[in-house]
Amino acid sequence: MSPCLSSRFAVIPMRFERMTYCLEGSCSIQLSYGTLIGRDDKIRTCDLFVPNEARYQAALHPVFLEFAKVQFILISFFRIQFFLLLLQGFMYISSLVMLASNVFINEKADEQMFQWQAMQHQIFVLCDTNTKRYCLPHLTRRLGNVSDAHILCVPEGESSKDISSLVQLWQHLIQQQADRDSLLLNVGGGMICDLGGFVACTFKRGIDFVNIPTSLTAQVDAAIGGKTAINFQGIKNQIGSFKQASAVLIYNELLQTLPERHIYAAYAEMMKHALIADASYWKQLITIQSIDSLILTTSFIEKSIQIKQGIVALDFYDKAQRKILNFGHSIAHAIESFFLGENGKVLHGEAVAWGLLAEAYLSRLKGYLSQNELEEIQIQILKTYQPLSIHNMTEHEWMPLLYMDKKRQGNSFNFTLLKGIGNAIINQSCCIDEIRKALDYISHLY
Ligand SMILES: NC(=O)c1ccc[n+]([C@@H]2O[C@H](COP(=O)([O-])OP(=O)(O)OC[C@H]3O[C@@H](n4cnc5c(N)ncnc54)[C@H](O)[C@@H]3O)[C@@H](O)[C@H]2O)c1
Ligand SMILES: [Zn+2]
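Encoded structure:
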């Protein structure tokens, strides 16, 4: 990122260097700059304080960086602490305003869509056979213009997230004379958002795309955070890219036709968000009266989006802090792969539910989680999800599955664990014996 800041002193090219962040304290961002003042062209760096409350907010947003730069100049040249405090206040408020800045909900989403329409982009809609049937009529009623768009439809299901769909979609776009100003609307669950996002990233070196997620998993997870991918040679999400959607438009009414099993699957991801980042959200989630509460209003959806976006903002390219979102997923991936091969299909979210419990147990073993907290999580998972015959999974089977997923250090694997409900800690090493105990624990709860 290299915006140029003009001041009466000089032109100061600034570059975002890195953001460091600690879970229980504040986070700081580091900028480097070369200044033309007084022939001093050295690169300097300076740590800038970011209020703790804003640590999950969209800190890499350009507006935030502008504030950061002003703060930086004030510290470097004037050492004005008073302004610094004022600016921190501004930064906090602006970070709240910026929150979910590319996510628009219901009426706000309509407005956003009408703006795209007014800009007269050539619009392409990507959907699957289910979302074409159930969701496009809703959107057409709401937005009108969607029916004038070119519709691209792939068969529903994960098998469409592959290279042959990608080639077909490129061909379609070329035949329909799509150009660099065309817009791709991804109307579907996580499969469509991942596939469409990758099509848009690669076509003519990248065209704009907007996600209209139609499954709860996509609304709270897949459509958010800028990861796009296809599966390749049997490996999930092997080929992909990082690029934020121009907008994510959330309509909870679209979820009315989503099968209940998929709502439960997304519920596990939402519980993960709560467990890693927000204890009060956890309490709200475990006291819902029925699963429909998750989709009747947008409040739960918004909360999950807020948590995911905040974490992604700290580490867009998934080098460090974003691993917090992996909580529950190491063991979940092993369970998911095992049942894929052996006993029929388990939804990703269902495997995540059991992964959350197993990794909460690992957190307990490390002394990071109290017995009461573990029991609370256990009660919630047991009452919500069907048992899986995890006891059928032998050590010979789960070990290679875990190797595929994890960085291994000797006899240990790296996990994200809970440090109390509402807090997570990355890069925690667990040995095979501990993992065995965690799997034994979730296998013998019934
Ligand atoms: N990019 C990311 O960060 C990220 C995160 C999580 C998951 N994912 C990906 O998302 C995918 C899983 O997402 P998913 O569970 O939404 O799967 P999906 O897109 O396959 O949707 C699940 C099923 O629900 C149907 N469906 C979707 N919306 C519907 C609606 N409103 N009414 C009726 N049926 C509807 C679909 O046709 C499909 O049959 C996986 O490919 C996963 O890898 C990506
Ligand atoms: Zn997941």
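Residue numbers (the working numbering): 59 to 504. Glycine included, each C-beta is placed from N, C-alpha and C at the ideal position. As the structure is a prediction and not an experimental result, all values here were calculated from the model.
- Exclusion of the five residues before and after R200 leaves no residue of its chain whose Cβ lies closer than 6 Å to its Cβ.
- Of the residues H179, A416, N188 and S428, the one whose Cα lies closest to the Cα of D237 is H179.
- Within the chosen limit of 7 Å, ligand 2 does not reach the beta carbon of D376 with any heavy atom.
- One Cα belongs to H454, the other to E431, and the distance between them is close to 31 Å.
- Around the beta carbon of A305, 16 or more other beta carbons lie within 10 angstroms, which makes this residue buried.
- Going by beta carbons, A326 and E408 fall inside the 8 Å limit.
- Put simply, of T272, E360, L241 and L405 the residue whose alpha carbon is nearest the alpha carbon of T315 is T272.
- DSSP places I479 in the coil class of the three-state scheme, outside both helix and strand.
- What you get when you keep residues with a C-beta closer than 6 Å to any heavy atom of ligand 2 is E327, H387, H406 and V410.
- Along the stretch 406-466, the alpha helix (DSSP H) occurs as fully enclosed runs of 4 or more residues at 406-423, 429-442 and 453-463, listed in sequence order.
- A heavy atom of ligand 1 is found nearer than 7 Å to the CB of M249.
- Sorting K166, I448 and L274 by C-alpha distance to the C-alpha of C251 places L274 at the top.
- Within 7 Å of the C-beta of A305 there is not a single heavy atom belonging to ligand 1.
- At a threshold of 7 Å, T272 counts as near ligand 1, since its beta carbon sits closer than that to one of the ligand's heavy atoms.
- Just so you know, the alpha carbons of F397 and K403 end up roughly 6 Å apart.
- One alpha carbon belongs to L352, the other to I359, and they sit about 7 Å apart.
- In this structure, H196 lies near E311, with their beta-carbon atoms less than 8 Å apart.
- Annotation: the continuous alpha helix (DSSP H) that includes T260 extends over G248 to T260.
- Taking 7 Å as the cut-off, the C-beta of C193 counts as close to a heavy atom of ligand 1.
- For the 8 Å CB-CB criterion, F374 and G284 form a contact.
- Going by C-alpha positions, A482 is about 10 Å away from N384.
- The Cβ-Cβ distance between W412 and L440 does not fall below 8 Å.
- Counting only runs that start and end inside the stretch 157-222, the beta strand (DSSP E) elements of at least 3 residues fall at 161-163, 181-186 and 208-212.
- When secondary structure is reduced to three states using DSSP, G284 falls in the coil class, being assigned neither helix nor strand.
- N269 is bridged by DSSP to N244 and V306.
- For H320, the shortest separation between its Cβ and any heavy atom of ligand 1 lies below 7 Å.
- If you check the C-beta of T260 against ligand 1, you find no heavy atom less than 7 Å away.
- Here the alpha carbon of V410 sits roughly 19 Å from the alpha carbon of E492.
- Counting the other CB atoms within 10 Å of its CB gives M177 a total below 16, which places it among the exposed residues.
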